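Each remark here refers to the structure printed beneath this line.
Protein chains: 2
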Amino acid sequence: MAIEITHITKSFRETRALRDVSLTLEGGHIYGLLGNNGAGKSTLLNIITDRVRADGGTVRIDGTENRSDEALSKVFLVGEQNFFPEDMRVKKALRTVASFYPDFDMALAERTAELFGLNLKQKITSLSTGYGSIFRIVLGLAVNTPYLFFDEPVLGLDAQHRELFYRLVLEKYAEHPCAVVLSTHLIAEAANLIDYAFIIRSGAILRQGPTEELMEGAYTVSGPAAAMEQYLSGRHVLSETALGGLKTACVQGQPDPLPDGLEIGGMNLQDYFISLMKEEDRK
Amino acid sequence: MAIEITHITKSFRETRALRDVSLTLEGGHIYGLLGNNGAGKSTLLNIITDRVRADGGTVRIDGTENRSDEALSKVFLVGEQNFFPEDMRVKKALRTVASFYPDFDMALAERTAELFGLNLKQKITSLSTGYGSIFRIVLGLAVNTPYLFFDEPVLGLDAQHRELFYRLVLEKYAEHPCAVVLSTHLIAEAANLIDYAFIIRSGAILRQGPTEELMEGAYTVSGPAAAMEQYLSGRHVLSETALGGLKTACVQGQPDPLPDGLEIGGMNLQDYFISLMKEEDRK
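Right, here's the structure in full:
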């Protein structure tokens, strides 16, 4: 049981949005899909869920191509766009989605809406950016498909609501260990949830792997600029930042005993991601 | 030289958006304005910059009420809304703003746009959420007013662009130590910049102070649930989270020697903020 994506390509006019992307998604993982604006994340999610057609390649959902209703009933995309009529209210929209997904849990949807303070009587078009995101989160958590995709789920959410979202995803996943894919710019926060990351850049997968393995071969080091320059010479530096007379660098490799005055720091997934992007920018 | 806000109140229909807000903003600080959606942050910024009129109270900018052109020429709000004609392009909009602000640095604006990859020829209405934010950031960094307000500046920005924004704010501030106010939901990241925070809830200032002092009286502690329950009994618990058999709590007060098996953890501004909000929710 898996989604197998093989050799997907897609262009929009002159832009090559996806270049030969292949990857596999299995139940029992919370995946992170990480990439800068324009990297191709949303296009990939739209292709998997058949909202957009690829130019080439295939998407198979549990062995069946993603064109049949049966295959598509197993996936749900919490995307940035709404497809509901202008004057539809939240409650009606929940019922509409429930009619397409037999395992939709309406009691859970109503409970989740209440936790977030989402008014079921409000018109969808009158929701703020934050409450638009919350409405889509409520749908996603209730739909109970084996594959669940969130595209920028926390856009406009305040810190307390983001924490609530992360907690609810973990609870849902603990009860119902489906495959969850989170595409998000808030990498530092999502890193607490995701166990496997795909890093996408310019329409291609740049790195993938269990998040701990990805970061194993990198560390940060900081200290006075002169001592740092000496230390960094000959090493594989992913990125450097300087502030006043101090310098911090992300370095690929294993840390060896450091000269006096330099300090090793932790590397988190967001730092690692930014460092990789800067390294690619220089190429 | 300061902005003095005294006894500001504002209602929208039945909603009391601001209830008797008084605060002072001085050059040489990067302030954080922190609050959940609907707390009144944007209303307050709109009132300071005279985009919205208060029902009561006054805003004085360097001693002059914020109704005169002279007073208003000292403030700039990088807000969520645009006030440019539909088909205006980025370049033209920069020139328009420059014509109102004599210290506007066009060379800096062009350099910043290039760093972010913002196309000066694009129409403002065709910018994505992320590039809409970038356009406003470019304006804010170039305008050179003594008081600069950013309302959700990083909405839709990827991690690399957020890092660039924070770096540029620090550089600008180092050269030109104005008063910067950041209103943002990404508190953990902004905490690296801000030295003084206003925490606003339901239209009133709940806490304010230098960020380090705010957090001085609080800590996190975690360990097995049973041991934690015993430890927490009789203490001022701001918030608790449980995962499996483990529990983590934010506690107000000074940490004393801990029983075996419990661990003290660091408190960051975002954790502190969320804890405070949860405590208020329970009241």
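Top line first, the protein sequences correspond to chains A and B. Heads up: the first sequence is residues 1 to 283, going by full-length UniProt numbering. Heads up: the second sequence is residues 1 to 283, going by full-length UniProt numbering. Even for Gly, the Cβ is constructed at its ideal location relative to N, Cα and C. Values in this document were obtained by computation on a predicted structure and should not be read as measured data.
Residue i - DSSP class collapsed to helix/strand/coil
i, result
"residue 84 of chain A", "coil"
"residue 194 of chain B", "coil"
"residue 135 of chain A", "helix"
"residue 29 of chain B", "strand"
"residue 96 of chain A", "helix"
"residue 104 of chain A", "coil"
"residue 176 of chain A", "coil"
"residue 258 of chain A", "coil"
"residue 161 of chain A", "helix"
"residue 127 of chain A", "coil"
"residue 284 of chain B", "For chain B, the structure presents residues 1 to 283; residue 284 of chain B sits outside this window and is missing."
"residue 283 of chain B", "coil"
"residue 201 of chain A", "strand"
"residue 67 of chain B", "coil"
"residue 54 of chain A", "coil"
"residue 143 of chain A", "coil"
"residue 91 of chain A", "helix"
"residue 252 of chain A", "strand"
Per-residue contacts from residue i into chain A (C-beta, under 8 Å)
i, result
"residue 128 of chain B", "37"
"residue 270 of chain B", "159"
C-beta neighbour in chain B for residue i, strict 8 Å
i, result
"residue 267 of chain A", "no"
"residue 277 of chain A", "yes"
"residue 274 of chain A", "yes"
Per-residue contacts from residue i into chain B (C-beta, under 8 Å)
i, result
"residue 185 of chain A", "156, 157, 158, 159, 162"
is_contact[residue i, chain A] using C-beta, thresh 8 Å
i, result
"residue 188 of chain B", "yes"
Burial state of residue i, where buried means 16 or more other Cβ atoms lie within 10 Å
i, result
"residue 192 of chain A", "exposed"
"residue 55 of chain B", "exposed"
"residue 163 of chain B", "buried"
"residue 146 of chain A", "buried"
"residue 264 of chain A", "exposed"
"residue 149 of chain B", "buried"
"residue 136 of chain B", "buried"
"residue 197 of chain A", "buried"
"residue 271 of chain A", "buried"
"residue 65 of chain A", "exposed"
"residue 228 of chain A", "buried"
"residue 76 of chain A", "buried"
"residue 156 of chain A", "buried"
"residue 174 of chain A", "exposed"
"residue 152 of chain A", "buried"
"residue 24 of chain B", "exposed"
"residue 189 of chain A", "buried"
"residue 22 of chain B", "exposed"
"residue 79 of chain A", "buried"
Cβ pair count under 8 Å reaching 3, the stretch 9 to 24 of chain A against the stretch 200 to 219 of chain A: Flag = yes, the stretch 9 to 24 of chain A and the stretch 200 to 219 of chain A touch.
contact_flag[the stretch 26 to 36 of chain B, the stretch 173 to 190 of chain B] where n(CB pairs < 8 Å) is 3 or more: With a cut-off of 8 Å, the stretch 173 to 190 of chain B and the stretch 26 to 36 of chain B count as touching, because enough Cβ pairs lie within range.
Touching by the beta-carbon criterion (3+ pairs, under 8 Å), the stretch 222 to 229 of chain A and the stretch 243 to 256 of chain A: Judged by pairs of C-beta atoms under 8 Å, the stretch 222 to 229 of chain A touches the stretch 243 to 256 of chain A, as three or more such pairs exist.
Contact the stretch 1 to 17 of chain B vs the stretch 165 to 175 of chain B: 3+ CB pairs below 8 Å: Using a Cβ-Cβ distance cut-off of 8 Å, the stretch 1 to 17 of chain B and the stretch 165 to 175 of chain B are not in contact, since fewer than three pairs of beta carbons, one from each stretch, lie closer than that value.
Stretch pair the stretch 110 to 128 of chain A + the stretch 82 to 90 of chain A: three plus CB contacts closer than 8 Å: Contact holds between the stretch 110 to 128 of chain A and the stretch 82 to 90 of chain A, because three or more Cβ pairs, one in each stretch, are under 8 Å apart.
Segment contact flag, the stretch 92 to 112 of chain A with the stretch 33 to 52 of chain A, C-beta cutoff 8 Å, min 3 pairs: Verdict: no, contact absent.
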